[in-house]
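Working notes, structure below.
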């Protein structure tokens, strides 16, 4: 659009040059007016198309954002359900292990009770036989009759040996009844019986003492049951702690993924225009007051080089308030004169202010925009309803040398009939040659 407007401006200037040579052609003027109207309408259509495209992009971005949000929420729901299932399984496993441990402990206790009963049954007969043997030993004045009574509670093999020992003295007594040798004493017979009984009862005593050792082992096992139960509980606790640590790690990873998804969604959101925010933030009270002053101007004449005018139309022409003046007069020496309305001045000031704060260093746009802005600001000072028309002149010149003919300066003054409309503040800036070096070179 800027190139079209530049071509239109050049065409208008060429037309004005042609009109200076011949009478104005109404058809050409109407054609140019229609062309200008078409360009303006084309600009409006392009803006409408851009607005529609931006709206489509925004709707697509919102749809993508909603879709992503829905997917993330669904995935979070599934992950939470899975986490609950794992947690419930861990709890059920822990309950199962506890139940199993309690059952094992109950079985061990029942077996220990049975072992105690068996030990009690085994130890009671041995104690009774010991009591009977002690009573038989104390009644030493009795004959051999108590010995066979003691052996009744023992196995059958023990019955024959005492009978033989008891019958042997009797047979000898019967066979040697007529012998003059003396008979055995009662003490010797009792001692012999005791020795035989001791030898025969040795294996029985050994077998009876073995259950005592087994009972001690079972008692030791019973004492180890709490220790084993504690060990099993410790192992279960370690496994549960390991499972909990794994669950915590998975939960931390899930939280990190959620944070990454949130950051990605934040990046996907449409960001506001940083340039617009910066420009809005940098608008000062002085700039706003200058725009209000420009709004009070009905028409302001602009005198500048053709290239400066092209720079103005290329940047300010994009603003909605800027209007191309219907007449652009050629002043000679590649200079032009254009009448700008207050609305166009507002658009020009806004564009120059934006260039001054957004242009890159070293490309010249910032310096040129600052110079134009300052010159317009000087021209808009001390406005009164009864004053002269506002004229903005960008045509600073060098001071003439002492030997310069007066006629040259007079001819130059004659070639600029509108330079007398320049306010006194404009001539004060002639003392700064460094700031206006570019117009002088032009």
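Residue numbers (our numbering): 6 to 447. Virtual Cβ for every residue (Gly too), placed ideally from N, Cα, C.
The C-beta of residue 322 has 16 or more other C-beta atoms within 10 Å across all chains shown, which makes the residue buried. It is roughly 44 Å from the alpha-carbon of residue 101 to the alpha-carbon of residue 72.
Where residue 362 is concerned, the enclosing alpha helix (DSSP H) starts and stops at 347 to 363. Secondary structure at residue 120: helix, using DSSP grouped into helix, strand and coil. In terms of CA proximity to residue 238, 106 leads the group 254, 106 and 377.
Going by DSSP, residue 307 is part of the beta strand (DSSP E) stretching over 304 to 310. Between the C-alpha atoms of residue 236 and residue 272 there is a straight-line separation of about 54 Å.
Residue 304 sits exposed, since fewer than 16 C-beta atoms from the chains shown fall within 10 Å of its C-beta. About 10 Å separates the Cβ atoms of residue 17 and residue 33, ruling out a contact at the 8 Å cut-off. Residue 83 is not bridged by DSSP to any residue. Distance from the CA of residue 81 to the CA of residue 57, rounded to the nearest whole angstrom, comes to 36 Å.
Inside the segment 366 to 409, DSSP marks whole alpha helix (DSSP H) runs of 4 or more residues at positions 370 to 384, from first to last along the chain. If you draw a straight line from the Cα of residue 339 to the Cα of residue 356, it comes to about 24 Å. Inclusion of residue 50 and residue 315 in the CB contact set at 8 Å is not warranted, their separation being larger than that value.
For residue 298, the enclosing alpha helix (DSSP H) starts and ends at 290 to 300. For residue 335, the enclosing beta strand (DSSP E) starts and ends at 333 to 337. The Cβ atoms of residue 394 and residue 306 sit closer than 8 Å to each other. Comparing C-alpha distances from residue 350 to each of 361, 85, 329 and 48 shows the shortest one belongs to 329. The alpha-carbon separation between residue 266 and residue 77 amounts to approximately 8 Å. Within the same chain, 356 and 360 come within 7 Å of residue 320 by CB-CB distance, once the 5 residues on both sides are set aside.
The C-beta of residue 114 has fewer than 16 other C-beta atoms within 10 Å across all chains shown, which makes the residue exposed. Between the beta-carbon of residue 374 and that of residue 364 there is about 7 Å, and that keeps the pair under the 8 Å contact cut. Between residue 399 and residue 309, the gap from beta carbon to beta carbon is short of 8 Å. In the three-state reduction of the DSSP assignment, residue 70 falls in the helix class. Burial state of residue 312 is exposed, judged by a 10 Å Cβ sphere holding fewer than 16 other Cβ atoms. When the five nearest sequence neighbours on each side are left out, no beta carbon in the same chain lies closer than 8 Å to the beta carbon of residue 67. With fewer than 16 other Cβ atoms inside 10 Å of its own Cβ, residue 104 counts as exposed. When DSSP states are grouped into helix, strand and coil, residue 328 belongs to the coil group. Burial state of residue 401 is buried, judged by a 10 Å Cβ sphere holding 16 or more other Cβ atoms. Distances from the CA of residue 88 to each of 8, 53, 251 and 41 were compared; the closest alpha carbon is that of 251. By the Cβ neighbour-count rule, residue 14 is buried, with 16 or more other Cβ atoms within 10 Å of its own. Residue 55 and residue 63 have their C-alpha atoms roughly 12 Å apart.
Here residue 46 is exposed, its C-beta having fewer than 16 other C-beta atoms within 10 Å. The three-state reading of DSSP puts residue 323 in coil, since its state is none of H, G, I, E or B.
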